[in-house]
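What follows is a short report on a single structure.
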Amino acid sequence: MSSYESLYEKGKFPRTKQLLNRIAVAAKNSWSHNVLSAKPAWWGRMAMSNRAGGGGGILLKKIPGGYQVFHPNKGKYNYMKVIENGRGRYDMRPTLLGGSRARMGPHGPYVVVPITKNENGTPVSPSHNEINSVLIKTGTYKEPNAHGQVVTRNRYKYRQDPGMTGNGNVFAREQVYKNGTVQRSFVKFVVVNQFSKDFFQPAIPAQKVFSGVKEDVKRALKSKQLKRAVAEDTKDLIRELLRYKKYSNSE
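Numbering of the sequence shown is given in the working numbering, commencing with residue 1 and proceeding in unit increments.
Below you can see the structure in the form of structure tokens.
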């Protein structure tokens, strides 16, 4: 620890400490705002999320001589890096077909993907879709997947309620709560294979959510206000040392 850091930790630079705290808090707030304003919004929410798989948000902690504002990147995927630097169009097929849910068909691996939005962006629902039936889980079974691994899959039965057609790939799912309340959601099942054309995520532009904040912090650290705070704290420290020296000599 340097002499400055040691004196700082002892409270000898109060004006400097207060101003550094203000700069750090402003940087944290600005960075957080930029991330949550990024597009697509899901990436920003994931970068800021403290749940499993999330990036952990923007954190502020004390360090010797000041403060550190940082992103912990707690998840397996670096959402913050994608928002900052951008990413080209992403083909989801290799990931989906290489996963444990993939099955083997006559034309190679395929996977059944549940989606909750239609191609035009509207939610999958009775208002926009023909509902086949209610999908009810009855148990599980094991079978080899497309890669020869034995996996557990769900077994279902179907219930056709009034207004349901028994046709198509859109189903209702029900969540039954302890108080007897039943909540329905609707899902469309789509088969994805190596020939599917619609499973690409669009390119994400670089949004430099951190670079701008970094430049703001650099300017703040070179500001006259901070230099004045350091100078005034240093003067007080020198006066204190002189008083101590004068007192010691008088003894």
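Virtual Cβ for every residue (Gly too), placed ideally from N, Cα, C. Because the structure is a prediction, the values reported are computed rather than measured.
Note on geometry: alpha-carbon atoms of Ala52 and Leu241 lie some 52 Å from one another. Separation of the CB atoms of Phe200 and Met92 is rounded to 7 Å, and the pair is thereby assigned contact status at 8 Å. Under the DSSP assignment, Thr122 falls outside any alpha helix (DSSP H); it carries neither an H nor an E label. The residues Lys12, in chain order, have a CB closer than 6 Å to that of Leu237 in the same chain once the five nearest residues on each side in sequence are set aside. Distance between Ser196 and Trp31, taken at the CA atoms: about 38 Å. Rounded to whole angstroms, Asn120 and Ile58 show a C-alpha spacing of 35 Å. When only Cα atoms are considered, Thr140 and Tyr158 end up about 15 Å apart. Taking a 10 Å sphere around the C-beta of Gln18, we find fewer than 16 other C-beta atoms and assign the residue as exposed. Rounded to the nearest angstrom, the gap between the Cα atoms of Asn154 and Phe171 is 15 Å. With contacts defined as CB atoms closer than 8 Å, Ser125 and Phe186 qualify as a contacting pair. Beyond the five residues adjoining it in sequence on each side, Ala24 comes within less than 6 Å, by CB distance, of Leu60, Tyr67 and Val69 in the same chain, given in chain order. For the 8 Å CB-CB criterion, Ile83 and Ala26 do not form a contact.
Under the rule that a run must span 3 or more residues, the beta strand (DSSP E) segments found entirely inside the region 159-196 read 170-176 and 182-193. According to the DSSP assignment, Val134 belongs to the beta strand (DSSP E) that extends over Val134 to Pro144. Exclusion of the five residues before and after Val213 leaves Ala27, Ser30 and Trp31 as the residues of its chain whose Cβ lies within less than 6 Å of its Cβ.
With respect to the 8 Å criterion, Val112 and Val191 are classified as neighbours on the basis of their beta carbons. As computed with DSSP, Ile115 is found in a beta bridge with Lys188. For Thr16, same chain residues with a beta-carbon under 8 Å away, outside a window of 5 residues either side, are Tyr8, Leu226, Ala229, Val230 and Asp233 in chain order. In this chain, the alpha helix (DSSP H) harbouring Val82 covers Tyr79 to Asn85. Beta-bridge partners assigned by DSSP to Asn154: Thr140. Residue range Leu59 to Ile63 is occupied by the beta strand (DSSP E) that includes Ile63. For Gly86, the CB contacts under 6 Å within the same chain, skipping 5 residues up- and downstream, are Ile204, Pro205 and Ala206 in chain order. About 6 Å separates the beta carbon of Gln194 from that of Gly108, a gap short enough to meet the 8 Å contact definition.
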